[in-house]
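J.:
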Ligand SMILES: [Ca+2]
Ligand SMILES: [Ca+2]
Ligand SMILES: [Ca+2]
Ligand SMILES: [Ca+2]
């Protein structure tokens, strides 16, 4: 590490540091952000439609008191759901029991991996709303401990994609930054329900999808790693695809009803883990560079 840093000019190191720690807007694209390598890459081609509902890879980092989370790919604009659970500390659920919002109770009874005990459930959905006569993109944030829900509809106005925020609500104190870009046309293919092995190089190459920035305080973070699980489900939360991160074993078709699913009995972790940046690396941003200057 020392050799790497001293080998760089201070200007170059400063530029790298400001990139890594700058406030990153949630624009639905990981390009230029500090995510680094994928933390989970899709294993199966999608059973729900190529470039309609696919989860290519999961990314995340913790900075400035916030979780930055990105899931590349998309969820079909027919109000299919992207289900996201976040385990940010001790306690939480081993078996899902919903806050009752958006019909999520159809998944009650879902058994999580043993090492995964979420406190938070997020639902993302988008489509054309006939009542409002407009496109919309919605997000629900449920605190599974209190049963409170912060929900925001039409986050991007009359658009399926864009950047916006979920205003603070019953389950949150801070606002949640949201970006969604559904322009991906590559990534995994559409192998259907037979469970075709995904091209993981192609999956890891996708840069667009859902991006969220959430205050750690709203996740009940207790200082350790944050674990995230994501699944594409149908419109009433009653019939899930094979698009799960971390991925399902190959070959896997639809998970179907999540209320009868036991992820702990399915091989591998159906979650991925975001490890906080060591304090020594964060300090390098200022203190370390000042030391370098003095040495020079
Ligand atoms: Ca971004
Ligand atoms: Ca937990
Ligand atoms: Ca694709
Ligand atoms: Ca498992």
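Numbering (our numbering), first residue to last: 136 to 431. Glycine included, every Cβ here is placed at the ideal spot set by N, Cα and C.
#1: Under a three-way DSSP split, which group does residue 232 fall into?
#2: Is DSSP giving residue 336 helix, strand or coil here?
#3: Quick one: does the C-beta of residue 222 sit closer than 8 Å to a heavy atom of ligand 4?
#4: Under 8 Å: does the beta carbon of residue 255 sit that close to some heavy atom of ligand 1?
#5: Any chance the segment 264-279 sits against the segment 188-196, with 3 or more Cβ pairs inside 8 Å?
#6: Which residue or residues does DSSP assign as beta-bridge partners of residue 367?
#7: Along the chain, where does the beta strand (DSSP E) containing residue 375 start, and where does it finish?
#8: Can you grab the Cα-Cα spacing for the pair residue 173 / residue 339, in whole Å?
#9: Pick from 188, 222, 266: whose alpha carbon is nearest that of residue 321?
#10: Contact check, residue 179 vs residue 383 under 8 Å by CB: the rounded distance?
#11: Measuring alpha carbon to alpha carbon, tell me which residue in 399, 374, 385, 285 is nearest residue 391.
#12: Does any residue of chain D have a CB that is nearer than 9 Å to the CB of residue 361?
#13: Compare the C-alpha of residue 162 against each of 221, 252, 207, 353 and name the closest.
#14: Out of curiosity, what's the CA-to-CA distance linking residue 329 and residue 177?
#15: Expressed to the nearest angstrom, what Euclidean distance is found between the alpha-carbon atoms of residue 334 and residue 341?
#16: Taking the beta strand (DSSP E) that residue 286 belongs to, which residues open and close that run?
T.: On the basis of the coordinates in this document:
#1: Position 97 of the chain shown, counting from 1, holds the residue named residue 232. In this structure, residue 232 counts as coil in the three-state DSSP scheme.
#2: In the chain shown, residue 336 corresponds to position 201, counting from 1. In this structure, residue 336 counts as helix in the three-state DSSP scheme.
#3: The sequence position of residue 222 within the chain shown is 87, counting from 1. Residue 222: no, Cβ never under 8 Å from ligand 4.
#4: Counted from its first residue, the chain shown places residue 255 at position 120. No, Cβ of residue 255 sits at least 8 Å from all heavy atoms of ligand 1.
#5: No: the two stretches stay apart, fewer than three of their Cβ pairs being nearer than 8 Å.
#6: If you number the chain shown from 1, residue 367 lands on position 232. According to DSSP, residue 367 shares a beta bridge with 217.
#7: Position 240 of the chain shown holds residue 375. It spans 375-380 - the beta strand (DSSP E) in which residue 375 sits, taken as one unbroken run.
#8: Within the chain shown, numbered from 1, the residue matching residue 173 stands at position 38. Within the chain shown, numbered from 1, the residue matching residue 339 stands at position 204. Inter-residue distance for residue 173 and residue 339 is about 7 Å (C-alpha atoms, whole angstroms).
#9: What you label residue 321 is simply residue 186 of the chain shown in a count that begins at 1. Ranking the options by Cα distance to residue 321, first place goes to 188.
#10: Here the question's residue 179 lines up with position 44 in the chain shown. Here the question's residue 383 lines up with position 248 in the chain shown. Contact check for residue 179 and residue 383: beta-carbon distance about 6 Å, within the 8 Å limit, so the pair qualifies.
#11: The count along the chain shown starts at 1 and reaches residue 391 at position 256. Here the closest residue by C-alpha is 374.
#12: As a matter of chain content, chain D is missing from the structure shown, which is built from one protein chain.
#13: Against the chain shown, residue 162 aligns to sequence position 27. Cα-wise, what sits closest to residue 162 is 207.
#14: Working through the chain shown from its first residue, we reach residue 329 at position 194. Working through the chain shown from its first residue, we reach residue 177 at position 42. Looking at the backbone, the Cα of residue 329 and that of residue 177 are separated by about 15 Å.
#15: Along the chain shown, read from residue 1 onward, the residue named residue 334 stands at position 199. Along the chain shown, read from residue 1 onward, the residue named residue 341 stands at position 206. Cα to Cα, the separation comes out at about 12 Å.
#16: In the chain shown, counting from the first residue as 1, residue 286 sits at position 151. 283-287 is the span of the beta strand (DSSP E), which, as asked, contains residue 286.
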